[in-house]
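Trainee: Submitted below is the structure of interest, expressed as structure tokens.
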Amino acid sequence: VSFIKSISLINPERNAKLNKTEIMFHMFPNKKDMEKTKIEINTIMASLQRIHNIRINYLILDDEMFLDLLKSNESNTVKEMLHCKIATLHPQSFWMSIRGEILGGTMIIAEEHEIHPAKIAEEDLVFNLARFGYIEFGPKIKIGKPICIEYIISAIMFHNDARRMDAIPIILAKNKKTS
């Protein structure tokens with residue numbers, strides 16, 4: 017696939033013990049053929065899973081999305097993977113993208129530990145729900161750690177609280193990305 021800027025393996029030692037792999041595909045900015053490329057990657061990953069009997073989790077990010085996640089003040093998967101990844105295909109492209117942002121004055125902070133959505137503190141959950149547009153009656157909102165919307169939704173689903181489950185469509189509707 018010719019639009020791949022770099023491929024990184026995330027936490028390869030831990031994942032090998034679990035018979036799985038986590039891969040991030042960093043794509044060149046090419047909106048025209050992005051969907052076709054995603055379909056090709058999806059087909060290849062499905063085939064590899066069947067052939068090797070291994071679970072493959074993968075994330076496909078175009079250059080803009082990758083850099084936006086790196087620059088974000090929220091905890092997210094891209095910032096978490098920086099300290100425990102191996103860039104296997106075109107590592108120079110991977111690091112040059114990051115270098116370009118740093119030279120442009122952007123502060124990039126890698127997360128040292130992964131966030132487990134089931135272990136997000138109640139205070140952080142309430143803070144982030146309010147930040148995404150869902151304010152609950154009762155809990156007092158205190159400044160907490162900014163966490164990406166995907167982790168907040170996962171945390172809500174782990175806790176299986178019916179009232180908070182109703183928050184999911186609300187925060188998704190209020191935080192739609194416009195393309």
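In this text, residue positions in the sequence shown follow the working numbering: the first is 17, and each later residue adds one. Built from N, CA and C at the ideal position, the CB exists for glycine as well.
Buried or exposed, going by whether 16 or more other CB atoms sit within 10 Å of the CB of F174?
Mentor: Looking at its Cβ environment, which holds fewer than 16 other Cβ atoms inside 10 Å, F174 is exposed.
Trainee: Answer yes or no: do I136 and K95 have a C-beta to C-beta separation smaller than 8 Å?
Mentor: Not in contact: I136 and K95 (Cβ atoms no closer than 8 Å).
Trainee: Are at least three pairs of beta-carbons, each pair with one atom in the region 38 to 47 and one in the region 70 to 88, less than 8 Å apart?
Mentor: As far as the Cβ criterion goes, the region 38 to 47 touches the region 70 to 88, which means the pair count is three or higher.
Trainee: Could you pull out every unbroken alpha helix (DSSP H) segment of at least 4 residues lying fully inside the region 154 to 180, listed in chain order?
Mentor: Those alpha helix (DSSP H) runs which fall completely within the region 154 to 180 and span 4+ residues are 165 to 175.
Trainee: Reducing DSSP to helix, strand and coil, say where H99 ends up.
Mentor: DSSP places H99 in helix when its eight states are reduced to three.
Trainee: State whether the region 98 to 112 contacts the region 61 to 68, with contact taken as three or more CB pairs (one from each stretch) at a distance under 8 Å.
Mentor: Not touching, per the Cβ criterion.
Trainee: Cβ of N89 within 8 Å of Cβ of G149?
Mentor: Contact flag unset, no.
Trainee: How many angstroms separate the CA atom of G121 from the CA atom of S91?
Mentor: C-alpha separation (whole angstroms): 20 Å.
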